[in-house]
């Protein structure tokens, strides 16, 4: 077979002596495997050839529907054709492999071509499963899997002026197909045979909430609806059900699931899994020592993985093994973080059916439904339908199997968030094994390595690792990791907060170091008009109670974040006001004391107050700068800001008692 044209740059592979590494399948798993092989230290050992059935290189199936919003097909490609050429990979598109000859170590294609191999990797993926429904091959009935499928659906809708549609299947694929057809402007009905949507991922209550949200968008949902026939008549399609009256639509999409493409392996005599798929061990070896399988076609110890993240982990393992490393594929929970028909749906870690001894804690609030699964008091799984701003912290808790205390369970049931302080844990504090991008299976450690290699922006980090290239929900985490992100927008009051925080920190430090202001040495001294402020009892009472009211004011302004019922006014200006009042209190302290710390109880009060102001000023500086800086500076600010905030709060705790003791001692004595 003729390979791709060579570039002018010298090849890194000696094709006369290199081992022939042939990959059957041109999808996401095959592309991920190629990227990992060319990045390994053993790249020069292999002459790589890729054979794909589709007429184009590998593309992002997860975001296939984005083509309807104007995205170009070229933007969906995981790598352009010249990337394969530049990396000495022979790419053959539009070539269907028809037979594997295990004895001769050869593959045959539909054009009569033959290719020999030393190592054969089967990454043939999956195909849409169509239930045994009479008439499922009628005109107007489509599956939704490829770019060609999407183009055929668009063409049919346009040519037949379709107005109504039905989607058979209410799982992940069905909801994505429903989005496609509604984006084309059709009235849509989802038909699911199970009692709820996404039956593999969601429990009954979560499925109920999802159904309500989907129906609120104008999509009809029918569960426990089994279709037995599709009958074409007069350009329309009649759906006959086993348990309901028939309905008529213009177009039908079947998205009832997928099945592994294992026919090549079966015909060649390779061992298959108990439920189909090419049987492989955890080293991804098939029953033939020269043949491997990865992706949706592989049955690892009998289990088929249908999400992209585990497929990429298989690519990691196989590339490492071919490079001589002792890697093995380890099953991990298949997490889902997607927006289905605009509704955020998240499942992390174990599902309730996978946890035999799990305890379920739920919260059903205005924003949606949330669930935590606990084993022996530790978080092993989570799920939500609807927005969940604090999901990053939950993801971390699942990854670490963090313990959830009884008080935290009660808080979660009441508020939907188990941890006080919300999302205080920043991504740079995550352990290396924690997953940042669930779709691609990218960990915090992998992102750290990419940053060390010089990828210093979110877009560079995404291109280098693949994180954020699927559903995109982790993009803000990438921005946070490199000091970018939505926090960089101008926050109201941020300049006021920064200036007053710097002033407060400097003033508090100065009051620690400077000596007391002197009293006048003579009645004729003009300074006597000044020292009157800390000599005259009445004036001291006025300044003292003014300080008290300022402190109460600062306390009120700090409640905007911590009391949800207080929602009026802009949060940024509330924080700026808190910082400004804190600074004003330091000037009030000078007026009240003349920079005299006092002794015993008064000294403890003054010391606590100055420390409170100093730490508060530093926290305000960190809060103001963390979204304006980048790189290590931003990470440093993000690491210290929550710590300083909690120290600031802790220093306030003894202040009311010390203040009460001070007032009591003044009036008692």
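Residue numbers (the working numbering): 702 to 1370.
Ideal placement from N, C-alpha and C gives every residue a C-beta, glycine not left out.
In this text, all values refer to a predicted model and were calculated from it rather than measured experimentally.
Residue burial is scored here from C-beta neighbours: residue 1279 has at least 16 other C-beta atoms within 10 angstroms and is therefore classed as buried. Positions of the alpha helix (DSSP H) runs, each at least 4 residues long and wholly inside the stretch 857-923, are given as 873-884 and 905-917 in order along the chain. Linking residue 1352 to residue 1298 through their CA atoms gives a straight-line distance of about 17 Å.
The Cβ atoms of residue 722 and residue 820 sit closer than 7 Å to each other. In the three-state reduction of the DSSP assignment, residue 1290 falls in the helix class. Taken through DSSP and simplified to helix, strand or coil, residue 1244 comes out as helix. Annotation: the continuous alpha helix (DSSP H) that includes residue 1180 extends over 1176-1182.
By the criterion of at least three beta-carbon pairs nearer than 8 Å, the stretch 790-808 is in contact with the stretch 956-971.
Taking every protein chain shown into account, the CB of residue 1014 has 16 or more other CB atoms within 10 angstroms, so this residue is buried.
A straight-line Cα-Cα distance of about 20 Å links residue 1180 and residue 1040. Excluding sequence positions up to five before and after residue 846, its CB lies within less than 6 Å of the CB of 829, all in the same chain and listed in chain order. In chain order, 871, 924 and 925 place their CB closer than 8 Å to the CB of residue 895, counting only its own chain and leaving out the 5 sequence neighbours on each side. Residue 1087 sits in a strand when the DSSP states are folded into three classes.
Minimum Cα-Cα distance from residue 936 among the listed residues 917, 922 and 951 corresponds to 951.
The beta carbons of residue 903 and residue 1084 sit about 6 Å from each other, so the pair counts as a contact at 8 Å.
With respect to the C-alpha of residue 1065, the residue from 1042, 916 and 907 having the closest C-alpha is 907. For residue 1198, the secondary structure class from DSSP, reduced to helix, strand or coil, is helix. When only Cα atoms are considered, residue 916 and residue 1168 end up about 32 Å apart.
According to the DSSP assignment, residue 1310 belongs to the alpha helix (DSSP H) that extends over 1302-1326.
In this structure, the straight-line span from the alpha carbon of residue 736 to that of residue 1315 is close to 51 Å.
For residue 960, no alpha helix (DSSP H) encloses it; the enclosing beta strand (DSSP E) starts and ends at 959-961. Beta-carbon to beta-carbon, residue 1217 and residue 1289 are separated by about 16 Å, too far to satisfy the 8 Å threshold. In the DSSP annotation of this structure, residue 768 is not part of any beta strand (DSSP E), being labelled neither H nor E.
Between residue 1199 and residue 1095 a beta carbon distance of about 32 Å is seen, past the 8 Å cut, so the two are scored as non-contacting.
In the structure shown, the three-state DSSP call for residue 1103 is coil.
Excluding sequence positions up to five before and after residue 1044, its CB lies within less than 6 Å of the CB of 914, all in the same chain and listed in chain order.
Going by DSSP, residue 1039 is part of the beta strand (DSSP E) stretching over 1037-1041. Judged by beta-carbon spacing, residue 791 lies beyond the 7 Å limit of residue 747, meaning their Cβ atoms are not closer than that value. In the three-state reduction of the DSSP assignment, residue 1349 falls in the helix class.
One Cα belongs to residue 876, the other to residue 891, and the distance between them is close to 8 Å.
Between residue 1212 and residue 1311, the CB-CB gap stays under 7 Å. For residue 922, the CB contacts under 8 Å within the same chain, skipping 5 residues up- and downstream, are 871, 890, 891, 893, 898, 912, 915 and 916 in chain order.
Straight-line spacing of the CA atoms in residue 976 and residue 930 works out to 26 Å. Contact between the stretch 1095-1105 and the stretch 1064-1081 is established, with three or more Cβ pairs separated by less than 8 Å. Residue 981 counts as buried, since no fewer than 16 other beta carbons sit within 10 angstroms of its beta carbon. Residue 1072 has 1063 and 1084 as its beta-bridge partners, per DSSP.
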